[in-house]
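Chemist:
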Amino acid sequence: MKHVHSGKVRDLYETDDGLLLMVASDRISAFDHVLEPGIPDKGAILTQLSLWWFDQLGDIVPNHIVARGDEARSVVCRPLTMVQVECVARGYLTGGGLAEYRESGTVSGVRLPEGLQDGSRLPEPIFTPSTKAPVGQHDEPISYERVVAQVGEKPADELRRITLAVYARGAEIARERGIIVADTKIELGWDSDGVLTLGDEVLTPDSSRFWPADAWQPGRPQPSFDKQFVRDWLLSPESGWDKASGTPPPRLPDDIVERTRERYLEAYERITGAPFSG
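Letter by letter, the sequence shown follows residues 16 to 293 of this note's numbering.
1. First and last residue of the beta strand (DSSP E) that includes Phe225?
2. Which class does Pro170 belong to by DSSP, given the choice of helix, strand or coil?
3. Measuring alpha carbon to alpha carbon, tell me which of Thr199, Pro236, Phe240, Val91 ends up nearest Asp133.
4. Tell me the DSSP secondary structure of Lys147 in three-state form.
5. Taking the C-alpha atoms as reference points, what is the distance between Thr275 and Tyr28?
6. Run through DSSP, which three-state label would Glu86 get?
7. Identify, in the order they occur along the chain, each residue of the same chain with its Cβ nearer than 7 angstroms to the Cβ of Val163, setting aside the five sequence neighbours on each side.
8. Measuring alpha carbon to alpha carbon, tell me which residue in Lys57, Gly130, Gly33, Ser145 is nearest Arg93.
9. By the 10 Å Cβ neighbour count, where 16 or more other Cβ atoms means buried, how is Val272 classified, buried or exposed?
10. Under a Cβ-count criterion, where at least 16 other Cβ atoms within 10 Å of its own Cβ denotes burial, should Ser89 be classed as buried or exposed?
11. Can you list, in chain order, the residues of its chain whose CB lies under 7 angstroms from that of Ser65, leaving out five sequence neighbours each side?
12. Going by the CB atoms, is the gap between Ser135 and Val103 shorter than 8 angstroms?
13. Short of 8 angstroms in beta carbon distance, which residues of its chain neighbour Ile75, apart from the five on each side in sequence? Order them along the chain.
14. Whole angstroms is fine: what's the gap from Asp229's alpha carbon to Asp41's?
Rendered as C-alpha cells:
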C-alpha cells in the first residue's frame, strides 16, 4: 500500500481500491512534540474506543469507517476532504480555554460569566474552534465568525451543531460511568457526496479531557484519565524541562509511561464496560 501521511499519532496508507488504512501508533504528543518512548497499547486503545463511540453516535453524524483492520490498532475508512478547522466543544473551563478566559473573559470569542475557576462547569457547552496547524506548530483559537468566513455560513452552522451534539452525547454516556468529559475535539470532513462525516478518532483520551466525576473540584487542576498526566509531568520540576527553552522534551521515565498506560486503559474499560483485549 502507498503511504499517504503520518501525523503525530496516526499513519495513513492508500489501498488498491482507493480506501484508506489508518493505523494508530503508540506515539504520544504533548506541547507539539512527539515524545519518547511510546505508550504500550495506546494505539489499539484509541482505535477500539473510537469504534465503540462511532456506534453510539451513528444517529448524530455518519463516520468514515468501512471495516475493522486486521490489527486492533487499524481501520479501513473512506477518504474525506477534511475541514481545515479543529472542532472543539467545552463543557468545563480548563487548559488553553482557561488561559484565554483569564486574559479576555472569552474563549474563541464566546463571552463567559465572571468568576470562573480552573475546572468550573460552564452554564452550557460552547463551540470553541481553533486553527488546524501542521505538525510541530500550535493550534490557535478562532471565533465562530472566522469559521463562517473560512467555510461559509451553512457549513459553519453544521460544524457547530454536530460538535455540540457529539459532546452532549459523549458527556451523557461518560457521566453515567463516573467520568466527566471536560472538552473534546473532533475531526470532520466531506465525503464524496458532500456530506459532513466524522473521521479520525472520537472521544478518546488523546482528543478529550476525562476527569473522574467523584474527584471533581473546581479551583484546582483535576485528576484525569488522559494525557494531561504527561503534560503535568513535563511541566514539573521532576522533568527538568523548560517549555520555553525551544529544546525537545526529555524521554519519559518508565513509571510515567506505565501510569499513563493505566489511565488510558481505565478510561477505555470504564466507558465501554468491557475489558481491553488488545
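Backbone N, C-alpha and C fix where the C-beta goes; we use that ideal spot for every residue, glycine too.
Owing to the predicted nature of the structure, the values given are computational and were not obtained by experimental measurement.
Modeler: To lay it out plainly:
1. For Phe225, the enclosing beta strand (DSSP E) begins and ends at 223 to 227.
2. If DSSP states are grouped into helix, strand and coil, Pro170 belongs with the helices.
3. Considering only alpha carbons, the answer is Pro236.
4. Coil at Lys147, not helix or strand.
5. Separation of Thr275 and Tyr28 (C-alpha to C-alpha, rounded to the nearest whole angstrom) is 28 angstroms.
6. Residue state, collapsed to three classes: coil.
7. A distance below 7 angstroms between beta-carbons, with the five flanking residues on each side excluded, links Val163 to the following residues of its chain, in chain order: Ala171.
8. Nearest Cα to Arg93 within the set Lys57, Gly130, Gly33, Ser145: Gly33.
9. Val272 should be labelled buried.
10. Under a 10 Å Cβ-count criterion, Ser89 is classified as buried, with 16 or more other Cβ atoms of the shown protein chains found around its own Cβ.
11. Excluding residues up to 5 positions away in sequence, Glu216, Val217, Thr219 lie with their Cβ nearer than 7 angstroms to the Cβ of Ser65 in the same chain.
12. No, the pair does not count as a contact, with Cβ atoms beyond the cut-off.
13. Ile177, Ala180, Val181, Arg184, listed in sequence order.
14. Taking the straight line joining both Cα atoms gives about 29 angstroms.
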